[in-house]
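Beneath this line is the structure, given in structure tokens, with notes to follow.
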Amino acid sequence: MKGLFRDRTLGAYFSLGAACLGLLTAIVYLIYSVSVKLFAPVVFVLLLLGAIVGAVAFVTRERTLPLVATACYAFSFALHISDRALMFAHMATNVYGMSERGAILWVVVLLLILQCIVVIASVISCFMKQRNAS
Amino acid sequence: MKKKQLLRGLASVFIVLFSIMLIATLLLQEYSGIVNQTLGIQTSKLVQAEEDEPVDTAYYKSEFGEINETNKKKLEEAEDKFTETEAQEGCVLLMNEEVNGAPALPLATTERNVTLLGHGSFEPVYKPNSGGGSVNRPVSFYQAFKNKNFNVNETMYAAYQTEDAKRGTSSNNLLNGDYNRAEEPLEFYTQEIRDSFNSYNDVAVVVLSRMGGEDRDLPQAYTGSGDYNALEKVGQSYLALYQDEKDLITLAKDNFKKVVVLLNSGYAMECHEFAELGVDAVLWTAGCGNAGFNGVVDLLTGASNPSGKLVDTYATNSLSAPAIANSGAFTFTNAAQIVQGTKDDEANETHYLVYQEGIYVGYKYYETRYEDVILNQGNASDAVGAGGKASWKYDEQVTYPFGYGLSYTEFEQKLVGHKETATGWEITVEVTNKGDVPGKSVVEVYGQAPYISGGVEKSAIQLLNFGKTKLLAKDEKDTLTIPIDKYLIASYDSENAKGYILDKGDYYFAIGNDCHDALNNVLAAKGATGMYDQNGKSVAGDADKTFKWINGALDTDTYSKSPYGTGIIVTNRFDDMDINYWIPNKVKYLTRSDWKGTFPTTGVELSATEAMIKAIGQYNYVKPENAKSMTDYKMGIDNGINFIDMKDVAYDDPIWESFLDQFTLDDFKKIIMELPGNEAIESIAKPANKNTDGPDGIGGGAYSNEVVLASSWNKETVRRRGELMGEDGLFLGVQQVWGGGANTHRTPFSGRNFEYYSEDPTMAYMCGAEEAAGMQSKGLMCAIKHFAGNDQETYRNGLNCFMTEQTWREVYLRAFEGAFAVGKAMGTMTSFTRVGMTYFGASSATQNDVLRNEWGFKGVTITDCATATKYMQTVDSLVGGTDMFNAANVSKRWDTLLTAVKTNNDGNLVQCMRDAAKHFCYAYLRTNLINGLSTNTRVIQLTPWWESVSITFDVLFGVAAVSLTGLAVYFTYFKKEEK
Chain P
0 MKGLFRDRTL
10 GAYFSLGAAC
20 LGLLTAIVYL
30 IYSVSVKLFA
40 PVVFVLLLLG
50 AIVGAVAFVT
60 RERTLPLVAT
70 ACYAFSFALH
80 ISDRALMFAH
90 MATNVYGMSE
100 RGAILWVVVL
110 LLILQCIVVI
120 ASVISCFMKQ
130 RNAS
Chain B
0 MKKKQLLRGL
10 ASVFIVLFSI
20 MLIATLLLQE
30 YSGIVNQTLG
40 IQTSKLVQAE
50 EDEPVDTAYY
60 KSEFGEINET
70 NKKKLEEAED
80 KFTETEAQEG
90 CVLLMNEEVN
100 GAPALPLATT
110 ERNVTLLGHG
120 SFEPVYKPNS
130 GGGSVNRPVS
140 FYQAFKNKNF
150 NVNETMYAAY
160 QTEDAKRGTS
170 SNNLLNGDYN
180 RAEEPLEFYT
190 QEIRDSFNSY
200 NDVAVVVLSR
210 MGGEDRDLPQ
220 AYTGSGDYNA
230 LEKVGQSYLA
240 LYQDEKDLIT
250 LAKDNFKKVV
260 VLLNSGYAME
270 CHEFAELGVD
280 AVLWTAGCGN
290 AGFNGVVDLL
300 TGASNPSGKL
310 VDTYATNSLS
320 APAIANSGAF
330 TFTNAAQIVQ
340 GTKDDEANET
350 HYLVYQEGIY
360 VGYKYYETRY
370 EDVILNQGNA
380 SDAVGAGGKA
390 SWKYDEQVTY
400 PFGYGLSYTE
410 FEQKLVGHKE
420 TATGWEITVE
430 VTNKGDVPGK
440 SVVEVYGQAP
450 YISGGVEKSA
460 IQLLNFGKTK
470 LLAKDEKDTL
480 TIPIDKYLIA
490 SYDSENAKGY
500 ILDKGDYYFA
510 IGNDCHDALN
520 NVLAAKGATG
530 MYDQNGKSVA
540 GDADKTFKWI
550 NGALDTDTYS
560 KSPYGTGIIV
570 TNRFDDMDIN
580 YWIPNKVKYL
590 TRSDWKGTFP
600 TTGVELSATE
610 AMIKAIGQYN
620 YVKPENAKSM
630 TDYKMGIDNG
640 INFIDMKDVA
650 YDDPIWESFL
660 DQFTLDDFKK
670 IIMELPGNEA
680 IESIAKPANK
690 NTDGPDGIGG
700 GAYSNEVVLA
710 SSWNKETVRR
720 RGELMGEDGL
730 FLGVQQVWGG
740 GANTHRTPFS
750 GRNFEYYSED
760 PTMAYMCGAE
770 EAAGMQSKGL
780 MCAIKHFAGN
790 DQETYRNGLN
800 CFMTEQTWRE
810 VYLRAFEGAF
820 AVGKAMGTMT
830 SFTRVGMTYF
840 GASSATQNDV
850 LRNEWGFKGV
860 TITDCATATK
870 YMQTVDSLVG
880 GTDMFNAANV
890 SKRWDTLLTA
900 VKTNNDGNLV
910 QCMRDAAKHF
920 CYAYLRTNLI
930 NGLSTNTRVI
940 QLTPWWESVS
950 ITFDVLFGVA
960 AVSLTGLAVY
970 FTYFKKEEK
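Quick note, the sequences are listed as chains P and B, same order.
Per numbering that gives the first Met the number 0, residue 0 is the first one in the first sequence, and the count goes up by one each step.
Per numbering that gives the first Met the number 0, residue 0 is the first one in the second sequence, and the count goes up by one each step.
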């Protein structure tokens with residue numbers, strides 16, 4: 000276990016941090032979206048996949064994996080925004096009866112902020128060295 | 000930083016940019032109709048063949064000349080002027096007491112120093128929240144008084160604009176549970192303000208407003224929780240006067256020579272306290288569009304004489320109608336069981352309404368009960384529904400009856416003749432202006448069908464038609480000949496005849512100043528005594544204003560077939576709309592044979608049965624056994640028939656089949672999946688079309704609220720409104736408008752009553768017919784909404800509406816019938832609600848059997864906004880008669896439909912698509928969409944600039960992401976980096 004963290008750089012910790020936060024976000028998303036019947040599998044799966052790949056990047060020496068994780072996070076983030084576009088449209092018009100109901104604004108905003116942080120952390124990680132020279 | 004790190008970092012940035020841009024592009028394309036409409040982008044253009052002889056292709060011409068900016072300005076000026084006319088014709092003078100020996104109104108020429116009181120005076124409700132017209136050139140009450148050379152108290156006006164004014168005015172407050180529409184407390188009126196009254200004390204004009212809107216019904220009775228502000232009593236109605244409003248009126252009474260109240264409310268407020276408070280005059284205005292308040296001031300000065308009449312009952316207690324108990328929020332007690340296993344949002348499948356009041360909506364309740372009190376029948380005097388009184392008395396229940404309205408002059412109306420015609424009768428009414436000032440008079444024609452206790456329910460009085468005189472000078476006469484359609488007094492018998500009947504007995508027809516006056520005339524003709532008016536004053540009635548027709552035997556034949564010549568037998572189609580069909584003997588509907596035993600005092604509580612749950616949550620379309628295959632239909636072949644070639648082709652002409660053989664599946668998609676608007680179809684040279692919201696305008700301006708228009712009781716005015724909206728369509732390039740509004744004012748609390756005509760279906764029938772005809776004459780498709788049953792906003796999505804077939808047909812469908820069958824409306828926007836358990840858009844009984852077959856409708860049906868709601872199921876709706884899905888979630892819906900077609904090789908669904916395309920083309924060929932089209936015109940689809948830009952960025956970001964990723968991989972794994 001000690002060896003796992005021995006040669007890790009700040010970049011690797013960014014990757015791990017993004018993965019942990021991504022996992023947490025995925026869990027919150029799952030609980031929330033299922034409860035309000037607005038679950039989009041692709042948003043959840045991509046977020047989870049990103050977190051797994053990010054974690055794998057931390058424990059292995061595959062230096063391009065953070066790129067893959069970033070792609071997963073980014074598409075999940077974009078799809079989630081797209082999925083909630085109607086909700087924001089309804090907020091703008093204050094007419095809520097036209098189509099969907101049930102979305103809770105503050106939870107959606109929180110999830111999007113978390114996803115945004117995950118994406119940024121993962122991008123930063125890509126710019127950084129993943130391992131110290133051994 | 001090493002090169003490979005930099006490359007990995009840059010690659011990640013571009014992956015992020017690419018993913019966001021790609022999804023944004025897809026999103027924009029999904030909602031391209033909204034984007035294009037918002038940005039004003041044309042998505043197709045016409046190309047004329049050079050070899051063509053010049054032909055006039057302006058099939059629909061503007062009365063303002065060529066379509067250009069100069070003439071558009073002329074139209075806008077005409078529109079604004081027309082809103083003044085609407086106000087002059089439609090605002091209703093409710094009260095006009097004497098002040099110093101003369102009526103308070105009109106104001107004398109010496110009374111020009113006024114103080115405007117109440118928030119509505121500087122921030123009026125032009126229209127409650129909804130789509131449609133934009134109030135972009137508003138004339139406020141303040142500005143209107145200034146325009147008419149009044150001296151307005153500026154100190155008071157300025158005070159309302161300060162931060163000290165706390166009252167919220169946005170309808171959004173309603174969404175947040177803040178029902179605060181009260182006026183400021185008396186402390187707000189400082190000594191400085193009160194001192195300012197002295198110089199402007201000829202008249203205090205107190206403006207009182209109420210707000211509601213789309214998705215926001217008005218709250219009913221105060222429950223004791225939440226911020227209801229000055230509604231101090233639990234149980235008090237939102238439509239009653241708040242204490243702050245009463246205080247304001249008292250303040251005005253103490254400081255001004257006259258107090259005039261303007262009711263700036265599209266919802267029938269409680270008015271009985273105005274007299275007690277000493278108000279001198281009350282004028283109902285609601286919202287009058289851009290410039291209509293100029294017309295309101297004209298009414299106050301007498302430049303115009305009020306001639307509007309109420310189209311709703313103004314009850315003393317707005318909560319006294321039998322519909323109240325079953326309006327608002329009702330949820331099945333086993334909602335969780337319903338939701339379990341279904342795919343839709345809980346909010347769309349677990350709510351219901353039982354229309355337990357039956358046909359007794361609005362005045363039909365109050366007047367029928369009154370007759371039964373007078374004739375001592377049906378336990379009508381019982382205390383039930385009397386609001387705590389010992390017995391039910393009309394004068395304690397109604398402040399102003401349906402059809403009521405005062406004038407500055409006196410008219411005498413004489414029924415001088417009547418004769419039978421092929422469709423009913425024709426009456427002749429002579430009207431004389433007996434007063435001193437010019438004015439117009441409304442002739443209201445009512446009827447009474449004989450009621451047999453325990454038989455088909457009948458209203459004691461019902462509107463049958465109306466007319467309005469020209470402007471009559473003093474002593475001038477006008478003679479109106481008004482037809483009465485016998486069909487409108489027939490009753491629907493769902494139990495025995497299963498069709499429309501004319502019961503055996505005496506039928507009375509009467510004119511009257513309002514519905515109550517007309518009923519008293521009928522009662523006089525029947526020899527009754529003991530009648531009284533809404534003030535409790537004894538009246539005798541006037542039998543000379545009536546005539547009688549005796550029907551010697553029950554007639555089940557005359558209207559056994561559609562009265563519109565379609566040859567279709569009219570029979571029961573809505574047995575399952577009655578809750579007793581699903582749960583036997585669950586509900587006793589209100590009957591006049593037993594007011595005491597059937598008046599609804601509490602809402603019906605329902606638990607959905609297994610059969611009901613199945614009906615709510617499942618959509619059961621299966622390909623019929625004898626259905627054709629998809630491959631049995633020709634698609635995409637070139638028969639050389641363009642869209643414009645079908646212009647004058649009869650609906651039944653077989654050439655339609657050849658025309659439709661040219662459509663591809665993608666073409667059907669462009670028809671059925673509305674964006675809003677529809678894309679061009681190049682192969683048949685059909686241009687892109689624009690659709691938009693109404694009913695009080697289509698974006699170029701705002702007309703009066705529909706309820707004001709209806710209150711004009713002037714068919715010419717209503718038709719003119721339709722024509723001007725048609726002109727808007729020509730100048731704005733709009734072909735379909737989702738308006739007028741013909742839903743019923745079932746209670747005064749429906750948030751959209753302001754944009755629906757009336758509580759009375761005959762009034763809506765007449766107005767819909769005129770407005771639709773006006774629009775269609777100018778090439779604008781009238782897609783009247785929301786057909787039908789969307790009579791409240793609360794839980795409108797998927798709301799299960801239960802009622803008897805008689806109620807459905809005689810009240811809620813009848814309100815729309817005139818627009819289609821008489822006005823020849825070519826479109827309709829359908830309701831979010833359900834017909835019993837079936838989503839309206841999938842209700843073949845309503846859309847196919849009644850609308851098309853019985854009423855002869857040949858146009859196009861479009862759902863209400865169908866972006867995401869799953870219960871508005873695509874396949875079942877298409878089969879059930881829906882032609883277009885409004886603002887559809889295009890790709891998902893189309894995938895669903897296409898999968899259903901291809902999986903089952905379903906020719907039946909292909910036929911439905913062809914039907915939808917035919918309805919669409921038939922309807923749009925009767926709009927301004929054909930302007931500019933000749934048989935050789937080509938239509939070219941244009942790519943909007945935003946689409947090119949977004950795709951360019953997609954490509955740039957995508958290429959950058961791939962390239963940088965490739966380089967990053969290369970430098971990471973294959974090339975040792977130089978130090």
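For every residue, glycine included, the Cβ atom is placed at its ideal position computed from N, Cα and C.
- Closer than 8 Å to the CB of residue 24 of chain P there is not a single CB belonging to chain B.
- Closer than 8 Å to the CB of residue 62 of chain P there is at least one CB belonging to chain B.
- Apart from sequence neighbours up to five positions away, the residues of its chain that approach residue 353 of chain B with a beta-carbon distance below 7 Å are 325, 578, 586, 603, 801, ordered along the chain.
- Residue 158 of chain B and residue 115 of chain B have their C-alpha atoms roughly 11 Å apart.
- Relative to the Cα of residue 284 of chain B, the nearest Cα in the group B:447, B:452, B:83, B:358 belongs to B:83.
- Residue range 504–511 is occupied by the beta strand (DSSP E) that includes residue 507 of chain B.
- In the three-state DSSP reduction, residue 29 of chain P falls in the helix class (H, G or I).
- Using a 10 angstroms sphere on the CB of residue 124 of chain P, the tally of other CB atoms reaches 16 or more, which defines it as buried.
- Around residue 483 of chain B, no beta-carbon contact reaches into chain P at under 8 Å, the shortest distance being about 40 Å.
- Proximity of residue 69 of chain P to chain B, defined by a Cβ-Cβ separation below 8 Å, is satisfied.
- Listed along chain B, the residues sitting closer than 8 Å to residue 66 of chain P by beta-carbon distance are 7, 10, 11, 14, 964, 967.
- About 26 Å separates the beta carbons of residue 483 of chain B and residue 495 of chain B, which is beyond the 8 Å limit, so they are not a contact pair.
- Non-local beta-carbon contacts of residue 864 of chain B in its own chain, meaning distances under 6 Å to residues more than five positions away in sequence, involve 885, 886 in chain order.
- By the 16-neighbour rule on beta-carbons within 10 angstroms, residue 566 of chain B is exposed.
- At a cut-off of 8 Å between C-beta atoms, residue 122 of chain P counts as an interface residue with respect to chain B.
- Using a Cβ-Cβ cut-off of 8 Å, residue 118 of chain P counts as an interface residue toward chain B, since at least one Cβ of chain B sits closer than that to its own.
- Between residue 717 of chain B and residue 770 of chain B a beta carbon distance of about 5 Å is seen, short of the 8 Å cut, so the two are scored as contacting.
- With respect to the 8 Å criterion, residue 410 of chain B and residue 427 of chain B are not classified as neighbours on the basis of their beta carbons.
- Runs of the beta strand (DSSP E) lying entirely within the region 415–460 of chain B and spanning at least 3 residues, in chain order: 423–432, 441–447.
- Residue 199 of chain B has its alpha-carbon roughly 8 Å from the corresponding atom of residue 111 of chain B.
- Bounds of any alpha helix (DSSP H) do not take in residue 258 of chain B; it lies within the beta strand (DSSP E) bounded by 258–263.
- For the region 24–46 of chain B, residues whose beta-carbon sits nearer than 9 Å to a beta-carbon of chain P comprise 25, 26, 29, 30, 33.
- Among the residues of the region 313–342 of chain B, none has a Cβ less than 7 Å away from any Cβ of chain P.
- With respect to the C-alpha of residue 828 of chain B, the residue from B:834, B:783, B:125 having the closest C-alpha is B:783.
- For residue 801 of chain B, the uninterrupted beta strand (DSSP E) run begins and ends at 799–801, by DSSP.
- In the DSSP annotation of this structure, residue 724 of chain B is not part of any beta strand (DSSP E); the continuous alpha helix (DSSP H) holding it starts and ends at 714–731.
- One Cα belongs to residue 670 of chain B, the other to residue 629 of chain B, and the distance between them is close to 18 Å.
- Judged by beta-carbon spacing, residue 881 of chain B lies beyond the 8 Å limit of residue 895 of chain B, meaning their Cβ atoms are not closer than that value.
- When CB distances to chain P are screened at a threshold of 9 Å, the residues of the region 945–964 of chain B falling below it are 960, 964, in chain order.
- Across the set B:5, B:502, B:528, the C-alpha of B:502 shows the shortest separation from the C-alpha of residue 548 of chain B.
- Straight-line spacing of the CA atoms in residue 526 of chain B and residue 517 of chain B works out to 14 Å.
- Taking C-beta separations shorter than 7 Å and ignoring five residues to either side along the sequence, the partners of residue 833 of chain B in its chain run 797, 798, 799, 800, 839, following chain order.
- Excluding residues up to 5 positions away in sequence, 296 lie with their Cβ nearer than 6 Å to the Cβ of residue 147 of chain B in the same chain.
- When DSSP states are grouped into helix, strand and coil, residue 8 of chain B belongs to the helix group.
- The C-beta distance from residue 129 of chain B to residue 751 of chain B rounds to 6 Å, short enough to meet the 8 Å contact threshold.
- Partner residues in the beta bridge of residue 884 of chain B, as assigned by DSSP, are B:672.
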